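Please read the structure below before turning to the comments.
2 protein chains.
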Amino acid sequence: MTPAIAPDIAVARSHTAKRLSVLDAAARVFCREGFTGANIDLIAAEAGVSRQTVYNHHGDKENLLVAVVREITERINAGVFETLATFPDKPVDLELELIEFAVRLNQNCMCNRDGKFLRKLLQTEGERYPDLFAGWREHGPAKTWAALAARFARLALSGWLDLDDPDVAARQFLALVNADLQMALIFGDTVSEEQLRTATTNAVRCFLRAYGKPRPV
Amino acid sequence: MTPAIAPDIAVARSHTAKRLSVLDAAARVFCREGFTGANIDLIAAEAGVSRQTVYNHHGDKENLLVAVVREITERINAGVFETLATFPDKPVDLELELIEFAVRLNQNCMCNRDGKFLRKLLQTEGERYPDLFAGWREHGPAKTWAALAARFARLALSGWLDLDDPDVAARQFLALVNADLQMALIFGDTVSEEQLRTATTNAVRCFLRAYGKPRPV
DNA sequence: ATATTTTTAGACAGACTTGTCCAAATCGTC
DNA sequence: GACGATTTGGACAAGTCTGTCTAAAAATAT
Chain F
1 MTPAIAPDIA VARSHTAKRL SVLDAAARVF CREGFTGANI DLIAAEAGVS RQTVYNHHGD
61 KENLLVAVVR EITERINAGV FETLATFPDK PVDLELELIE FAVRLNQNCM CNRDGKFLRK
121 LLQTEGERYP DLFAGWREHG PAKTWAALAA RFARLALSGW LDLDDPDVAA RQFLALVNAD
181 LQMALIFGDT VSEEQLRTAT TNAVRCFLRA YGKPRPV
Chain C
1001 MTPAIAPDIA VARSHTAKRL SVLDAAARVF CREGFTGANI DLIAAEAGVS RQTVYNHHGD
1061 KENLLVAVVR EITERINAGV FETLATFPDK PVDLELELIE FAVRLNQNCM CNRDGKFLRK
1121 LLQTEGERYP DLFAGWREHG PAKTWAALAA RFARLALSGW LDLDDPDVAA RQFLALVNAD
1181 LQMALIFGDT VSEEQLRTAT TNAVRCFLRA YGKPRPV
């Protein structure tokens, strides 16, 4: 049994393990030091791997950055998609459920490690390597906004919200949700669960004051 | 006449001119390349000055970064203060005047060169040199928020707004005003006058839907 | 016109990086 | 135990960058 694939799998596993370890360390170091300041020796050391292995896996330093960005954007997109699926389409207590949803959004997409990495890499290398993030830029936020806008539009149809422009409302929702977290996000501070809850509560209350309607029958 | 001060003034002028030229070029290069990636030769060339002059004026590369950050934060603070003074304390048409105010805020503080530089430097070097921005962090946003909150509180007292927490409202106002500009700001794109106007209009409309009251007598 | 300060260009040592090469060691499979 | 692939540590050349030093040039004040 498992006549010819077992070796490949085993090899692939250790291979992949090291590959991921390198990507992980590279993400950390690139974010801390920036692309120019990142040191391949340091990345290798943090990955628990020899420098030659880094070169074996990814070739170039620039190539390594590309791989890191691809990895992170994929994970981020997956997280966003997954969280969007938990939107309260048929709410009972809209305020409460929107707060829960926004908390999830922040935890899974903005405040976690990947979110921090993407934000920082975007900021530090976005202008120098525009191609790197072109894909994310086009498919990432635009799709998120559109998906969220569609949900809000449906809530408006079922009488929960009073919206002029669902797209604008979606962007405003996201902006409000981050209003109290801006500083922490910029400085890389960790946000406590409680901070996140009150920030999100403030945001949803404001959003519903602007666009909410009394509970429909 | 001008017996003993004239020389000092003249020297100071050229001295200061070169000093500013260096700071300006350094700000550009630091923002483009990050601290580690910034090249003193390049800064000198962009400033139209010899490298030795850079060292004469600011000593260290790290020292130069400190000087740049100090310069920019001072200019930003001045701009914020100046713009806050134009807040519509006694509005006639609140929506219109808040929009005008928010447009000024964005143009003078967020979307101009200094705003872009501060944001980027903060993002790229904020974690590595926390002391650098400690002063700004403490006195910058906190003061802005407080000042804006005080204005909103006064509007609430005079019957224009219905606020629970003026501080939260102030942060939300700023967040809303930037909602549609996020992507452009991150990628360093220039925002057109028209983009800025519609973004700001959307923001103020939402803010007033949440917190506005019919015009008081 | 002269004296003083500032600026300039270039050379320089020391340190650090990247990317390559190679022989020895390690690992998992047959 | 033997085999093939992968990993390792170290050495290496080529390049870059910082910060210092020097003597000449330019600018400025008296």
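Line by line, the protein sequences give chains F and C.
Each residue of the first sequence is one higher than the one before, counting from 1 in the working numbering.
Each residue of the second sequence is one higher than the one before, counting from 1001 in the working numbering.
For each residue, glycine too, the CB sits at the ideal point set by N, CA and C.
Just so it is clear, the structure is predicted and the values come from calculations on it, not from any experiment.
Which of helix, strand or coil does DSSP assign to residue i?
i: Gly1034/C; result: helix
i: Gly1048/C; result: coil
i: Gly1079/C; result: helix
i: Gly212/F; result: strand
i: Leu1181/C; result: coil
i: Leu174/F; result: helix
i: Leu161/F; result: strand
i: Asp1060/C; result: coil
i: Val191/F; result: coil
i: Phe87/F; result: coil
i: Val1103/C; result: helix
i: Asn39/F; result: coil
i: Val92/F; result: coil
i: Met1001/C; result: Because the pLDDT at Met1001/C is just 32, under 50, the model does not fix this residue reliably, and the point stays unresolved.
For residue i, which option in the options has the closest C-alpha, if you only look at C-alpha atoms?
i: Gly79/F; options: Gly140/F, Asn178/F, Leu122/F, Arg154/F; result: Gly140/F
i: Leu1135/C; options: Phe1152/C, Ile1076/C, Ala1179/C, Gly1159/C; result: For the record, residue 1135/C in the displayed sequence is Gly; it is not Leu. Looking at the Cα atoms, Ile1076/C is the closest of the given residues.
i: Gly212/F; options: Arg51/F, Asn56/F, Leu157/F, Leu20/F; result: Leu157/F
i: Phe1129/C; options: Asn1063/C, Thr1053/C, Arg1051/C; result: Looking at the sequence itself, residue 1129/C is Tyr, so the reference to Phe does not match. The shortest C-alpha separation from Tyr1129/C is found at Asn1063/C.
i: His51/F; options: Asp60/F, Gln172/F, Ile40/F, Ala210/F; result: Just to set this straight, residue 51/F is Arg in the shown sequence, not His. Nearest of Asp60/F, Gln172/F, Ile40/F, Ala210/F to Arg51/F, Cα basis: Ile40/F.
i: Asp1164/C; options: Met183/F, Arg154/F, Cys206/F, Arg171/F; result: Cys206/F
i: Ala85/F; options: Asp162/F, Glu71/F, Ala150/F, Val191/F; result: Ala150/F
i: Arg1168/C; options: Ala1146/C, Val1204/C, Phe1081/C; result: Reading off the sequence shown, one finds Val at residue 1168/C, where the question assumed Arg. It is Ala1146/C.
i: Ala44/F; options: Ala67/F, Val22/F, Ile186/F; result: Val22/F
i: Glu82/F; options: Lys61/F, Arg104/F, Lys90/F, Val69/F; result: Arg104/F
i: Met1110/C; options: Phe1152/C, Ala1047/C, Thr1190/C; result: Thr1190/C
i: Gly115/F; options: Asp162/F, Tyr55/F, Ile186/F; result: Ile186/F
i: Leu1122/C; options: Met183/F, Asp89/F, Trp160/F; result: Met183/F
i: Leu118/F; options: Arg209/F, Ser192/F, Gly188/F, Gly159/F; result: Gly188/F
i: Phe152/F; options: Arg171/F, Thr201/F, Ala26/F; result: Arg171/F
i: Ile1072/C; options: Asp1131/C, Ala1047/C, Ala1026/C; result: Ala1026/C
i: Glu97/F; options: Thr200/F, Arg209/F, Pro216/F; result: Thr200/F
i: Ala1203/C; options: Leu1155/C, Phe1101/C, Gly1159/C, Thr1124/C; result: Phe1101/C
i: Thr1016/C; options: Glu1033/C, His1058/C, Leu1094/C; result: His1058/C
i: Thr144/F; options: Asp60/F, Phe35/F, Gly48/F, Pro166/F; result: Pro166/F
i: Gly1126/C; options: Leu174/F, Ser14/F, Glu33/F, Leu65/F; result: Glu33/F
i: Leu1094/C; options: Asn1178/C, Leu1161/C, Ala1210/C, Lys1061/C; result: Leu1161/C
i: Leu1155/C; options: Lys1090/C, Phe1173/C, Asn1178/C; result: Lys1090/C
Is the CB of residue i under 8 Å away from at least one CB in chain F?
i: Phe1030/C; result: no
i: Pro1166/C; result: no
i: Arg1151/C; result: no
i: Glu1127/C; result: yes
i: Asp1131/C; result: no
i: Arg1171/C; result: yes
i: Thr1016/C; result: no
i: Asn1063/C; result: no
i: Asp1180/C; result: yes
i: Asn1056/C; result: no
i: Gln1134/C; result: First, the amino acid is wrong: residue 1134/C is Ala here, not Gln. Taking Cβ atoms only, chain F never reaches closer than 8 Å to Ala1134/C, which makes this a no.
Any beta carbon of chain C sitting closer than 8 Å to that of residue i?
i: Leu176/F; result: yes
i: Glu33/F; result: yes
i: Thr124/F; result: yes
i: Gly37/F; result: yes
i: Cys206/F; result: yes
i: Pro141/F; result: yes
i: Ala27/F; result: no
i: Arg19/F; result: no
i: Thr2/F; result: In this prediction, Thr2/F scores a pLDDT of 32, lower than 50, which makes its location untrustworthy; no coordinate-derived value is stated.
i: Ala210/F; result: yes
For the ligand ATP, is there a heavy atom less than 7 Å away from the beta-carbon of residue i?
i: Thr1144/C; result: Judged by which ligands are present, the structure shown has none, so any question about the ligand ATP falls away.
Short of 9 Å Cβ to Cβ, which residues in the segment 88 to 121 of chain F face chain C?
Within the segment 88 to 121 of chain F, contact with chain C at the beta-carbon level (separation under 9 Å) is assigned to Arg119, Lys120.
According to a CB-to-CB cut-off of less than 9 Å, which residues of the segment 185 to 197 of chain F neighbour chain C?
Going along the segment 185 to 197 of chain F in chain order, one finds Ile186, Phe187, Gly188 with a Cβ nearer than 9 Å to chain C.
Could you name each continuous alpha helix (DSSP H) segment of 4 residues or more that falls completely within the segment 1109 to 1151 of chain C, going from the start of the chain to the end?
DSSP runs (the alpha helix (DSSP H)) wholly in the segment 1109 to 1151 of chain C: 1113 to 1125, 1130 to 1139.
Counting only Cβ-Cβ distances shorter than 9 Å, please list the residues of the segment 69 to 80 of chain F near chain C, keeping chain order.
The residues in question: there are none.
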